[in-house]
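**Q** Using my numbering, you'd call the opening residue of the sequence shown number 9 and step up by one each time.
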Amino acid sequence: VKCWGDPAAGGDARCVQEQLRNVQQIQATSAAFAAIRHDGSVITWGDERRGGDCSSVQEHLHDVQQIQCTSGAFAALRGDGRVYTWGDGARGGDCSSVQQQLRDVQQIQSSLSAFAAVRRDGSVITWGDAVRGGDSSQVQSDLRDVQQIQASGAAFAALRGDGKVVTWGDSARGGDSSLVRGQLVKVQQIQASTSAFAALRADGVIIAWGAPDCGGHFRNAGPSDTFVSDFSRV
């Protein structure tokens, strides 16, 4: 691994350079890096406040399969389905309130300052900035049989096995899908921009919601309109 740029933001890895061998994956917050090595161990460097120091959880960072990041924290998913976090606590670096629930995790997604984990039973655990998706309590009863989660910068969208979609987080950035809820059926895939979501249905129709200037609807549409396109006819 070779680094360059602002030394204070991870551009200088000389302190861990000898350990950066057999690296399989790298992730980054706004000012730090985390590398997964072939043996499942993790090496970090950069701003300690933004995830550059993982010493508080180092003993748990083995057999790591995946790392996700917010702008200031990392979350590592191990092969046994356990999750460990470090970095800015306000941006997801502190998962102590849900640590015991973070078992049998299969997937992690992140907004700019919150994480969402999908467990094997299809339930979802969230933590971090409540406004940006760290609090899913308002929709918790709907978060069942979740197959996939996507994230904008401040909200999450979960796709269930029955093709329905559940959203939470900043309403202006895709966390509120109430205007299109009736159209979000038989959804097969979801993608996200920084502040909006788009869902592809089985019939080829795309439903979008969120910030208008980030893809939430047509540029020339009214503020209450949604982006609905039938790509099955293209």
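Here a beta-carbon is modelled for each residue, glycine too, at the ideal position from N, C-alpha and C. Note that the coordinates shown come from a computational prediction; the quantities given were computed from them, not determined experimentally.
#1: Measure the CB-CB distance between S121 and S79 and report whether it falls below 8 Å.
#2: Out of A81, L69, C77, point me to the one whose CA is closest to G89's CA.
#3: So is R22 buried or exposed if we call it buried at 16+ other beta carbons inside 10 Å?
#4: Suppose you measure from the CA of A159 to the CA of S118; what does that come to, to the nearest Å?
#5: Are V9 and A43 close, meaning C-beta to C-beta below 8 Å?
#6: Going by DSSP, name the residue or residues bridged to L167.
#7: Taking 8 Å as the cut-off, decide whether the C-beta atoms of V132 and A124 are in contact.
#8: L28 by DSSP, collapsed to three states: which one?
#9: Am I right that I51 and R45 are in contact with their C-beta atoms under 8 Å? What's the rounded C-beta distance?
#10: For P231, count the other beta carbons within 10 Å of its own beta carbon; 16 or more makes it buried, fewer makes it exposed. Which is it?
#11: Can you tell me whether Q108 is buried or exposed, with buried defined as 16 or more other CB within 10 angstroms of its CB?
#12: Verify whether the separation of the beta carbon atoms of Q115 and I157 is less than 8 Å.
#13: Please state whether DSSP places A16 in a helix, a strand or coil.
#14: Is it buried or exposed, S240, if we count other Cβ atoms within 10 angstroms and call 16 or more buried?
#15: Since V154 and A138 are thought to touch, with beta carbons under 8 Å apart, how far apart are those beta carbons, to the nearest angstrom?
**A** The structure says:
#1: yes
#2: L69
#3: exposed
#4: 6 Å
#5: yes
#6: Q156, V173
#7: yes
#8: coil
#9: 7 Å
#10: In this prediction, P231 scores a pLDDT of 40, lower than 50, which makes its location untrustworthy; the coordinate-derived value is nonetheless stated afterwards. Label assigned to P231: exposed.
#11: exposed
#12: yes
#13: helix
#14: The predicted position of S240 is uncertain, since its pLDDT is 41 and thus under 50; a value taken from the coordinates is nonetheless stated next. Under this definition S240 is an exposed residue.
#15: At roughly 20 Å, the Cβ-Cβ gap does not stay under 8 Å, so V154 and A138 are not in contact.
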